[in-house]
Amino acid sequence: MKNQDMHEYRCTVEATVAVAGGKWKPLIVYYLLSGTKRFGELRNLIGGVTQRSLTLQLRELEAHGIISREVFAEVPPRVEYSLTELGLTLSPVLDAMKEWGDNYLSWQQIGE
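Per UniProt numbering, the very first residue in the sequence shown carries number 1; after that it's consecutive.
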C-alpha cells in the first residue's frame, strides 16, 4: 500500500482520507503522538472500539507506513505500536482537527 498508484485518487484529500481517515484511525494516530502504546492501552484510550476493528485499523495504518508494530518475544507476547517518521507528519493535521473540535464544542455551548 505504500506505493499506491496516484491515478486511483481524484485529489490529494481523497488520498489523505484513504490513509488516515475513518472513525478510528485519527484517534489511533492522535494517541500515538504522545508515544508508544500497547494494544490494550489504545483500546482503553479510544473506548467503544471492538478488538477486531482496532486490529484492522492498526494493520491498515501499518501497511500504509504510518505506524510501526514491534513484537517482543515474551510470554505472554507483548506488541507495541508507535508512529513512523511518516506518521509523525500527520501531527499538524491532528492538531488542526483538535483545534476545530475545541472551537466547535465552544460554539455548541454558546448556542445552548
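Even glycine gets a Cβ: it sits at the ideal position worked out from N, Cα and C.
For this session: Using 10 angstroms around the beta-carbon of residue 113, count the other beta-carbons present and answer buried if the total reaches 16, otherwise exposed.
Result: Because the chain in this structure spans residues 1 to 112, residue 113 falls outside the shown range and cannot be described.
Exercise. Under 8 Å between C-beta atoms, does S91 make it to chain D?
Worked result: The structure shown contains no chain D; it holds only a single protein chain.
Exercise. Just how far apart, CA to CA, sit A20 and V75?
Worked result: The residue you call residue 20 lines up with position 20 of the sequence shown. The residue you call residue 75 lines up with position 75 of the sequence shown. So the alpha carbons of these two residues sit roughly 32 Å apart.
For this session: Go to L32, then tell me how far its alpha helix (DSSP H) extends in each direction, as first and last residue.
Result: The count along the sequence shown starts at 1 and reaches residue 32 at position 32. From DSSP, the alpha helix (DSSP H) with L32 extends over 25-32.
Problem set entry | Under 8 Å between C-beta atoms of I67 and G87 | Within the sequence shown, residue 67 is the residue found at index 67, counting from 1. Within the sequence shown, residue 87 is the residue found at index 87, counting from 1. Against a cut-off of 8 Å, the Cβ pair of G87 and I67 comes out as a contact.
For this session: Tell me where the beta strand (DSSP E) around V13 begins and ends.
Result: Residue numbering aside, residue 13 sits at position 13 when the sequence shown is read from its first letter. Run containing V13: none in the beta strand (DSSP E); it sits in the alpha helix (DSSP H), 12-20.
Problem set entry | Classification of W24 by the beta-carbon crowding that lies within 10 angstroms, buried from 16 upward | Working through the sequence shown from its first residue, we reach residue 24 at position 24. Under this definition W24 is a buried residue.
Problem set entry | Between the CA atoms of I110 and L32 - distance to the nearest angstrom | Position 32 of the sequence shown, counted from the start, is the residue given in the question as residue 32. Position 110 of the sequence shown, counted from the start, is the residue given in the question as residue 110. If you take the alpha carbons of L32 and I110, they lie about 32 Å apart.
For this session: Please go through the stretch 64-105 and give each complete beta strand (DSSP E) segment of 3 or more residues, from N-terminal end onward.
Result: 67-72, 78-83
Exercise. Do the CB positions of L94 and V17 come within less than 8 Å of each other?
Worked result: Your numbering for residue 94 matches position 94 in the sequence shown. Your numbering for residue 17 matches position 17 in the sequence shown. Cβ distance not < 8 Å, so L94 and V17 don't count as in contact.
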